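Novice: Numbering (my numbering), first residue to last: -2 to 93. Yeah, the Cβ is synthetic: ideal placement off N, Cα and C, and Gly gets one too. Bear in mind the structure is a predicted one, so any value in this text is a computation, not a measurement. Have a look at this one before I ask anything.
Written out as structure tokens, the structure reads:
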């Protein structure tokens, strides 16, 4: 018998046992996580369709945290690695 660890009476837990919870992130928090400003966020991120809005009300919007995390992962993957840094060596007999 397969025991999922769910007791009787908790049917919503069974239905959503394998789904990730949908967490909404408001625009200011999304901008903070992405490290971008207001204009760039609305024009280049949302305006180009890289991040989809969830309409909460007439003017209030939010974004799915999973979509935001995916966008951050894509941005990290698209960033070229930094070149190796040269280490400074101490010169013998030189006081610093």
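Which word fits residue 89, buried or exposed, when buried means at least 16 other C-beta atoms lie within 10 angstroms of its C-beta?
Specialist: As a position in the chain shown, residue 89 is number 92, starting the count at 1. Exposed, by the Cβ-count rule.
Novice: If you follow the beta strand (DSSP E) that residue 59 is in, where does it begin and where does it stop?
Specialist: Walking along the chain shown from the start, residue 59 turns up at place 62. Where residue 59 is concerned, the enclosing beta strand (DSSP E) stretches over 58 to 61.
Novice: Can you find the residues in the same chain that come closer than 8 Å, C-beta to C-beta, to residue 69, ignoring five residues on each side of it along the sequence?
Specialist: Start at 1 with the first residue of the chain shown, and residue 69 comes out as number 72. Here the set comprises 30, 31.
Novice: To which residues of the same chain is residue 65 closer than 8 Å at the C-beta, ignoring the five residues directly before and after it?
Specialist: The sequence position of residue 65 within the chain shown is 68, counting from 1. If we look at residue 65 and ignore the five residues flanking it on each side, its Cβ neighbours are 22, 27, 30, 31, 48.
Novice: Flag this pair as yes or no: are the beta carbons of residue 57 and residue 51 separated by less than 7 Å?
Specialist: Position 60 of the chain shown, counted from the first residue, corresponds to residue 57. Position 54 of the chain shown, counted from the first residue, corresponds to residue 51. No, these two residues do not count as a Cβ contact at 7 Å.
Novice: Alpha carbons only, please: which of 87, 76, 33 is nearest the one belonging to residue 25?
Specialist: Start at 1 with the first residue of the chain shown, and residue 25 comes out as number 28. Minimum Cα distance to residue 25 is reached at 33.
Novice: Cα-Cα, which of 54, 62, 83 is closest to residue 18?
Specialist: Locating residue 18 in the chain shown gives position 21, counting from the first residue. Checking every option, the nearest Cα to that of residue 18 belongs to 62.
Novice: If you reduce the DSSP assignment to three classes, tell me which class residue 87 lands in.
Specialist: Counting from one through the chain shown, the residue named residue 87 turns up at place 90. Here residue 87 sits in coil by DSSP.
Novice: Would DSSP call residue 43 helix, strand or coil?
Specialist: Within the chain shown, the letter at position 46 stands for residue 43. Here residue 43 sits in helix by DSSP.
Novice: Quick one: give me the first and last residue of the alpha helix (DSSP H) that residue 27 is part of.
Specialist: Position 30 of the chain shown holds residue 27. Residue 27 -> alpha helix (DSSP H) spans 24 to 31.
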